[in-house]
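Colleague: Mind having a look at this structure? Questions to follow.
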Amino acid sequence: MQTFLSLVLTPIRCAGGRVIRGAAVLRILAVLAAGCCLAVAPVSLAQEDEEDEEDQPTAVEADDTDVEEVIVTGSRLKRDTYSSVAPLQVITGEVSREAGIIDAAEIVQKSTVSSGQQIDVTFSGFVLDDGPGTETANLRGLGSNRTLLLVNGRRMAPSGVEGAPAAADLGLIPGTLVQQYDLLLDGASSVYGSDAIAGVLNVILRKDFNGLEVEAFPRRPYHDGGDQNVLSVTWGRNFDRGYIGFGSEYYSSDPVTYADRPWTAGCPHELEIDEGGRLRSTDLWYSHFYGMEMGDCQFGRLVRRVFIQSIRAGSIYYTPGYTNGGWPNFSESNSPGYGTFGVDGDGDGQTDVNFLDYSLTGNQDYQELYGPSKTLNMMVLGEYTFEGDMNLTPFFELAYVEDDYSNKGDEPQLFPDVPARNPFNLCNPEGLGVDCGLAYDALLTNPGYVRGFADWYYHRFNCFGVPYQFCSPRTFRLLVGPLGPQPTLPIVSVRGDRNEVTRYLEQFRYVAGVSGDLPMMNVGQLSDWSFEFAYVHTRSDGTARRPGIRGDRLDLALGNYSINDIPCENSTETDMAFDTAEGCVPVNMFARSLYDSLVGDFATEAERNYLFDSRDFATEYRQTVVSYYMTGTIFELPAGAVSAGIGAEYREDQITSRPDHVARDGLFFGFFSDGGAEGEKYVQEAFGEIELPILAGQIAASELTLNVSARWTKDQYGG
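Structure below.
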C-alpha cells in the first residue's frame, strides 16, 4: 500500500507572458493570505453608491448574455473561455479530416508536442510493454506511461497483448467521431494523477449529429503499398436539451514492405565523415585485407555457414559444387588465424567467399515496415438535460472496438549445437560427414592458400627467415591431422521462423453518469456550483500468436539429449515439456535446402511440422473508475471570482496475461520466456483546486492569476 500527496503551485502569469516563480511565489502567497481575508469582507457602502449608476446597465447586459461555461483540459474548474494558465494545444478533427488525416495515432504522434520515441505499428518486432501493434502517445519525451489519455475528459484504460499493458492505445479511437484533440503541454499530476506527469491528451468526441451521414476516406500513398480506406457511418439527433448519436467506423490498411519505400529498400549504408569533412560510404576494410568488394552495404548477420570450434577455420561458407578445403560444398573465407588475407583457392583472382552473398542485412526486403490491419469501431453516446433548477443531465457512452493486426519481419539466425556423432553432422566421418581435421589440412595445403600465406608473411615478416618457396603452413607445422567426430554449429535462416506476429484485440467501454447544478449551495458568496458523477468500465481482451521453431524439439531431434548423440533419444533424462518428444523425427541441419538461399527450409515436411509450433498469449485487462467532483465560485476578489473544485476518484485495475507453455518456458529457439502477469491495483484519490485572480486590468499586469492544486493518492496492490 502506498500513499501520496502531491501539491502543484502553477506559475503566476503576468502581462507580456512573464512568469513569477520560486521565492516570489511564496511572497505573493503571504500577501494573498491577508488579502483574501479583506476581500471576503463586504465592499464599502460608499463605493457601492459611487458605482451604482455606472454598473447597473452593464449588469443588465450581462444578464442578457448567455455564456456557456466549460471544463478546460488541465483544470477541474469551470471557465467561460479557454483561459487556463496551463499551455494547451487544440487540434480540430474537422481540419485534420479535410487534410486527409483520419488516424488518431498519426495526428497525435506528428504533433509538435510529441517528442522522444513514438511507439507505432512499425515497432512490432520489438519487446513492448503493451505488446505488438500498439500505438501510444508520448508527450515531451517522458514515455507513454506518463502521458494520460482521456476521452471526453474521462480516463481511457490501457490495452494490449503480452506482458503488462500500461498505456492506452491510440489506434482504438475512431478518428471520424473526434471533434478535437486537446493536448496539455504541462505536467498535471495533481489534477489527474501521477500518469499525467508528461501531459494529457483529451479526445473530445462529436456532439453535433444531424441525421444520417456516410463518409469514405480513401488514401493512396505516392509509393507502392500502404493503401488506407476509412468508411464512416454516423446517425443522430440534437435536441434542445440533449442529443443522441451513433457512429461506426471501419478502417483497413494494406501492408508496406521495406522494398516499397526508398528510405528502407536495399541494404543499410555505411556513412563516415573523414578528417576533411567528406562523406565516405564505401567499405574499404574488407576490400583491402580480404579482397572482398563490399560496396556501400553495412556488414550484417551472416548465414549459410557452419562454425567449427575445434579448428582454427572458424566458419566455413556454403559454396555449392566447390571447396577450397576438404568440406564438400563448403569453403573457408580467409586465413584462419594466420595473417589476414582472403582465400583464392581456385586461382581466378577473386576470393572464394564474399560476405555480401551471406548477409541477411538488406536482402529481406519482403519484411513489412508495418503489416495489414483492420479496425472496427462502434459507439453510441448521448445526454439529456431535465428541467428544473439542478439541470440534471444523465449521459452515457457505449463503445466497442475490434482490431486485427499482423506483421511480418525478417527471419533471424538459427544456430543450434549439433553433437559430434549426429549422423548428419558435417564433421562426423562415422556418418555422412568428413574428418574436419583432414579437411582443414586440405585447405592449408591448397596451392592457392599456400601462395596467399607466403605472400602475406614474406612481404611483412620475411617469413621469419624461411625462403619464399618454403613459406607454407606445412613448414610451420600447422597441419592438425585427423580429429574424428567434432561438434559443429550450423548457422542458417529458416522460412517463417519467429518473424511473424498476429494480434487480435477487443475492447468494450461503458460510461454512465450524471451532471448538474447545485443551486442549494448558492449561499453567501458561494455561487455557480455544479457537479459530475461518472462510472467508467473498460474490458479489453487480446490474443497474440507467433509461429516459430521450438528449441527443445530441435535439441531432441539433433541428439543433444542423448549420451550417444542419437536423434530423438533422451538417455540423459533431461526434463522436457509434455509435447517435446511427440512426433520427433531426426533433423538434418546440413541439407542443401537450408543453404541454397539466404532463407532456406528443411529437407522434409516432417521435419518442419515437428519443429514448428506457435507461441500464444491471451491478455485480459479490466478497469473500473468511479469519480465525483464539484466546482464553483467561493468568493469574489476585486480582480474577479475565486473558483474552487474538489473531488474524489476510485479506480480498480485488474490484469490477467496468460502465456501458453511455449511462451512461459521460453521454448522457442533463442526466444525469451514470458511468465505473463496477474494482479490488481486499487487506487483511492482525493483532489482539490483553487484559482485566485490577483490583478486584472492594471498597468503592471493585465492579468495576474494563481492556480493551486493538490491530490492525495492511496495505492493498494494484490496478485
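Numbering-wise, the sequence shown is residues 8 to 726 according to this note's numbering.
Don't be surprised by glycine CBs; every beta carbon is placed ideally from N, CA and C.
As the structure is a prediction and not an experimental result, all values here were calculated from the model.
In this structure, how does DSSP classify G123 when only helix, strand and coil are distinguished?
Modeller: Any reading at G123 is ruled out, since the residue's pLDDT is 47, under 50, leaving its predicted position unreliable.
Colleague: Quick check: the Cα distance between R83 and I204, rounded to an integer number of angstroms?
Modeller: R83 and I204: Cα-Cα distance of roughly 16 angstroms.
Colleague: Does the beta-carbon distance from R505 to R553 come in below 9 angstroms?
Modeller: yes
Colleague: Express the C-alpha separation of I641 and A655 in angstroms, rounding to a whole number.
Modeller: Between the alpha carbons of A655 and I641 lies a gap of roughly 19 angstroms.
Colleague: Which residues mark the beginning and the end of the alpha helix (DSSP H) in which G455 is found?
Modeller: Per DSSP, the unbroken alpha helix (DSSP H) holding G455 starts and ends at P454 to F468.
Colleague: If we ignore side chains and look at the alpha-carbon of each, how far apart do P526 and G200 end up?
Modeller: 30 angstroms
Colleague: If you draw a straight line from the C-alpha of D303 to the C-alpha of S196, how long is it?
Modeller: 49 angstroms
Colleague: If we count the other Cβ atoms within 10 Å of its Cβ and call it buried at 16 or more, is V639 buried or exposed?
Modeller: Here residue 639 turns out to be Gly, not Val, going by the sequence shown. Classification for G639: buried.
Colleague: How many Å lie between M299 and E627 at the Cα?
Modeller: 53 angstroms
Colleague: Taking the beta strand (DSSP E) that I315 falls in, what are its first and last residues?
Modeller: R312 to I315
Colleague: May I have the straight-line CA-CA distance separating E696 from R658, to the nearest angstrom?
Modeller: C-alpha separation (whole angstroms): 20 angstroms.
Colleague: Could you pull the DSSP bridge partners for L156 from this structure?
Modeller: L208
Colleague: Assuming Q493 and A446 are in contact, meaning their beta carbons sit under 8 angstroms apart, how far apart are those beta carbons, in whole angstroms?
Modeller: With a Cβ gap of about 10 angstroms, Q493 and A446 do not count as contacting.
Colleague: Using DSSP with H/G/I as helix, E/B as strand and the rest coil, what is V741?
Modeller: The shown model of the chain, from 8 to 726, leaves out residue 741, and the question about it has no answer.
Colleague: Output needed for I251: all residues of its chain with C-beta closer than 7 angstroms, excluding positions within five of it in sequence on either side, in chain order.
Modeller: Answer for I251: G243, R244 and G389, listed in chain order.
Colleague: If we ignore side chains and look at the alpha-carbon of each, how far apart do N703 and L644 end up?
Modeller: First, the amino acid is wrong: residue 703 is Ala here, not Asn. About 10 angstroms.
Colleague: In angstroms, rounded to a whole number, what distance separates the CA positions of T368 and Q420?
Modeller: 12 angstroms
Colleague: Just checking my contact of G683 with P666 at CB under 8 angstroms: how many whole Å lie between their CB atoms?
Modeller: 5 angstroms
Colleague: Within the stretch 170-218, note down every full beta strand (DSSP E) run reaching 3 residues or more, in order along the chain.
Modeller: 185-191 and 206-212
Colleague: Using the C-alpha atoms, what's the distance from V360 back to T452?
Modeller: 18 angstroms
Colleague: Whole angstroms are fine: how far does the CA of C443 sit from the CA of N152?
Modeller: 55 angstroms
Colleague: Would you call the stretch 183-198 in contact with the stretch 142-161, where contact means no fewer than 3 C-beta pairs closer than 8 angstroms?
Modeller: yes
Colleague: Starting from S664, trace the alpha helix (DSSP H) in both directions and tell me its first and last residue.
Modeller: Not the alpha helix (DSSP H): S664 falls in the beta strand (DSSP E), residues G647 to P666.
Colleague: Going by DSSP in three states, Y304 sits in which element: helix, strand or coil?
Modeller: A small correction: the amino acid at residue 304 is Cys; Tyr does not occupy that position in the sequence shown. Here C304 sits in strand by DSSP.
Colleague: Could you have a look at E418 and say whether DSSP puts it in helix, strand or coil?
Modeller: coil
Colleague: Looking at the unbroken beta strand (DSSP E) that takes in D535, where does it start and where does it end?
Modeller: S534 to I556
Colleague: Pick from L563, Y568 and V508: whose alpha carbon is nearest that of T550?
Modeller: V508
Colleague: What does a CB cutoff of less than 6 angstroms around E60 pick up in its chain, not counting 5 residues either side in sequence?
Modeller: Bear in mind that the predicted position of E60 carries a pLDDT of just 42, short of 50, making it unreliable; the figure below should be weighed with that in mind. None.
Colleague: Tell me, which residues are paired with M527 by DSSP?
Modeller: Per DSSP, none; premise fails for M527.
Colleague: Report buried or exposed for Y412, applying the criterion of at least 16 other Cβ atoms within 10 angstroms of its Cβ.
Modeller: buried
Colleague: Would the stretch 161-178 count as touching the stretch 619-638 if we require 3 or more Cβ pairs under 8 angstroms?
Modeller: yes
Colleague: How is W242 classed by DSSP in three states: helix, strand or coil?
Modeller: strand
Colleague: For the alpha helix (DSSP H) containing Y365, name the first residue and the last one.
Modeller: For Y365, no alpha helix (DSSP H) run applies, since DSSP gives it neither H nor E.
Colleague: Please state the DSSP three-state secondary structure of F471.
Modeller: helix
Colleague: Quick one: grab the DSSP three-state call for N616.
Modeller: helix
Colleague: Counting only the same chain and skipping the five closest in sequence on each side, list residues whose C-beta sits under 6 angstroms from that of P497.
Modeller: V313 and M596
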